[in-house]
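Chains as they are written, first to last, in the numbering used here: chain A, 1 to 227; chain B, 1001 to 1227.
Some notes on the structure that comes next.
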DNA sequence: TTTTCACATATTGTCGACAATCGGAGTTGC
DNA sequence: GCAACTCCGATTGTCGACAATATGTGAAAA
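Here is the structure:
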């Protein structure tokens, strides 16, 4: 369903995928140096495919590369995240507006069911908070699909969602915004069901702004704790 | 000034750059197969750096790659361009709104001077229509810079502008929209000068919509001529 | 004639080794 | 004590050769 299913293609694709997963989950710390030889051996492949994977991750903005120096895991500082959420607000707002006119009734129904399953997971509170988080990305991606805009889907899916997941893992410990977020999701779906694109866009923008404020506060607390 | 200045770094960067240029200018036709060995020899390098360059171009959406099959120049069909312009409208609209609050007076003045030089070029009509086109991209990029959003600048600069340039070269023969476009540019700058972000966004969105309509008609004519 | 299969060729994927470049330890001079 | 310089180790950049896979051709069978 989601675009980041484990690929079985070339070694470069596998390496790219495993690296992305390690970066997103924090297994590889932000700013950490990525040694080609070491990673190649760990993955049981030569340096060629690994270098191609690094180029790919560079395109996805998950690593920063400097010629003749090497690659490092990207650092998600406040400014970067702020920029990310601003872009997301514009893109996902647009996705919502268009999806309101292009999604089928079936797709909207499936969106409702998705939220139902999220609600059950929240009520169970089975400790697995993060899986609900991944579900949240499912929700957003389904709306992007509803826009029928392939470029938009690619941008949100292949790049931004990875950065978002990274951010989520980083701040997942003290994540308590699941309740209000679910309510906002429901409102968005209802706006879509009524084919009210302008409202759907506005609700999505507010939803993302709210998420950013929540994240921003967490970062502030972290910074203060670190100081 | 623009992000596509000739790099002097690794061979992979050079290859990526030369390939991007060839693709954008149409020297490499849309959908054309890209043979690694042939290109490597033409550029006087091994296949390793060239493969890395292809990975990079894949990330920029200038080529489509299929594992074990090869890479092809992307095909800009109507749907792809429609998607591109829709995304651009959202992103550049956002850039305008934010730039209205963040650009310095100096930067806005430089924008005015840029438009003055464009006007002179148009009046001269020195055959070099395309150079005005590149200037148009300068205009848009300066506004993106004015937003102070690095991610937005990267997205507009490294990916979308390449596709846009490609589209421009393809349809540059019968390009006559320079006049009205310049007027719209001037209106946008005035909105920025008045720090009216909402107006600036609206004007930019209309500007891009107008450009899309113009392009769309050209494609229709081309399709009819081909049929 | 058409379809299908097998083979030959071309192209991509991968590896190991070598060259080029960078960062840091140690030294020297002020 | 501090700055700059030099050398060395480590890491990245590059190449050529080999293996794996796909594509195209031709022959054989229906």
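Think of the CB as a built atom: it goes at the ideal place given N, C-alpha and C, for glycine as much as any other residue.
It should be emphasised that the depicted structure is a prediction, and the values quoted were computed from it without experimental measurement.
- For the C-beta of residue 1090 (chain B), the chain A residues within less than 8 Å are, from N- to C-terminus, 90, 91, 93, 94.
- For the segment 1159 to 1190 of chain B, there are no residues whose beta carbon sits under 8 Å from a beta carbon of chain A.
- Look at residue 1149 (chain B): its C-beta is under 7 Å from a C-beta on chain A.
- Think of a sphere of 7 Å around the beta carbon of residue 1034 (chain B): no beta carbon from chain A falls inside it, the nearest being about 15 Å out.
- Residue 1224 (chain B) and residue 1217 (chain B) have their alpha carbons spaced roughly 11 Å apart.
- At a cut-off of 7 Å between beta carbons, residue 1073 (chain B) makes no contact with chain A.
- Excluding five sequence positions before and after residue 87 (chain A), the CB atoms of its chain that fall closer than 8 Å to its own CB belong to 160, given in chain order.
- In the three-state reduction of the DSSP assignment, residue 31 (chain A) falls in the coil class.
- Contact annotation: the segment 1058 to 1065 of chain B touches the segment 52 to 69 of chain A, with at least three C-beta pairs closer than 8 Å.
- When secondary structure is reduced to three states using DSSP, residue 71 (chain A) falls in the strand class.
- Minimum Cα-Cα distance from residue 1012 (chain B) among the listed residues A:211, A:63, A:67, A:42 corresponds to A:67.
- Think of a sphere of 9 Å around the beta carbon of residue 1101 (chain B): no beta carbon from chain A falls inside it, the nearest being about 12 Å out.
- Close to residue 9 (chain A), with beta-carbon spacing below 7 Å, are these residues of chain B in chain order: 1067.
- Under a criterion of Cβ atoms nearer than 7 Å, the residues of chain A adjacent to residue 1048 (chain B) are, in order, 48.
- With respect to chain A, the C-beta atom of residue 1086 (chain B) has a partner C-beta closer than 7 Å.
- In chain B, no part has a C-beta under 8 Å from the C-beta of residue 77 (chain A); the shortest such distance is about 11 Å.
- Using a Cβ distance threshold of 7 Å, residue 215 (chain A) and residue 200 (chain A) do not count as a contacting pair.
- With contacts defined as CB atoms closer than 7 Å, residue 74 (chain A) and residue 63 (chain A) qualify as a contacting pair.
- Using a CB distance cut-off of 7 Å, residue 56 (chain A) counts as an interface residue toward chain B.
- Residues of the segment 211 to 222 of chain A whose Cβ lies closer than 7 Å to any Cβ of chain B: none.
- Closer than 7 Å to the CB of residue 199 (chain A) there is not a single CB belonging to chain B.
- DSSP links residue 1018 (chain B) through a beta bridge to no other residue.
- When B:1079, B:1180, B:1044, B:1094 are compared, the shortest CA-CA separation from residue 1136 (chain B) is found for B:1180.
- Burial of residue 93 (chain A) is indicated by the presence of at least 16 other C-beta atoms within 10 angstroms of its C-beta.
- Going by beta carbons, residue 219 (chain A) and residue 89 (chain A) fall outside the 7 Å limit.
- Between residue 100 (chain A) and residue 197 (chain A), the C-beta gap is smaller than 7 Å, which places the two residues in contact.
- Contact annotation, residue 1165 (chain B) with residue 1024 (chain B): C-beta distance approximately 5 Å; criterion of less than 8 Å satisfied.
- Contact annotation for residue 59 (chain A) against chain B: 1055, 1056, 1058, 1059, 1060 [CB-CB distance below 8 Å, chain order].
- Residue ranges of uninterrupted alpha helix (DSSP H) with 4 or more members, entirely inside the segment 1135 to 1174 of chain B and ordered along the chain, are 1150 to 1154, 1161 to 1170.
- In summary, residue 1140 (chain B) is buried, with 16 or more beta-carbon neighbours lying within 10 Å of its beta-carbon over all protein chains present.
- A distance below 7 Å separates the beta carbons of residue 83 (chain A) and residue 1151 (chain B).
- Beta-bridge pairing by DSSP links residue 1047 (chain B) to no other residue.
- Assignment of residue 65 (chain A) by DSSP, reduced to helix, strand and coil, places it in the strand class.
- Around the Cβ of residue 1044 (chain B), a 10 Å sphere holds fewer than 16 other Cβ atoms; the residue is exposed.
- Using a Cβ distance threshold of 7 Å, residue 145 (chain A) and residue 153 (chain A) count as a contacting pair.
- Taking the Cβ atoms as the reference, residue 1163 (chain B) lies roughly 24 Å from residue 1115 (chain B), outside the contact range of under 8 Å.
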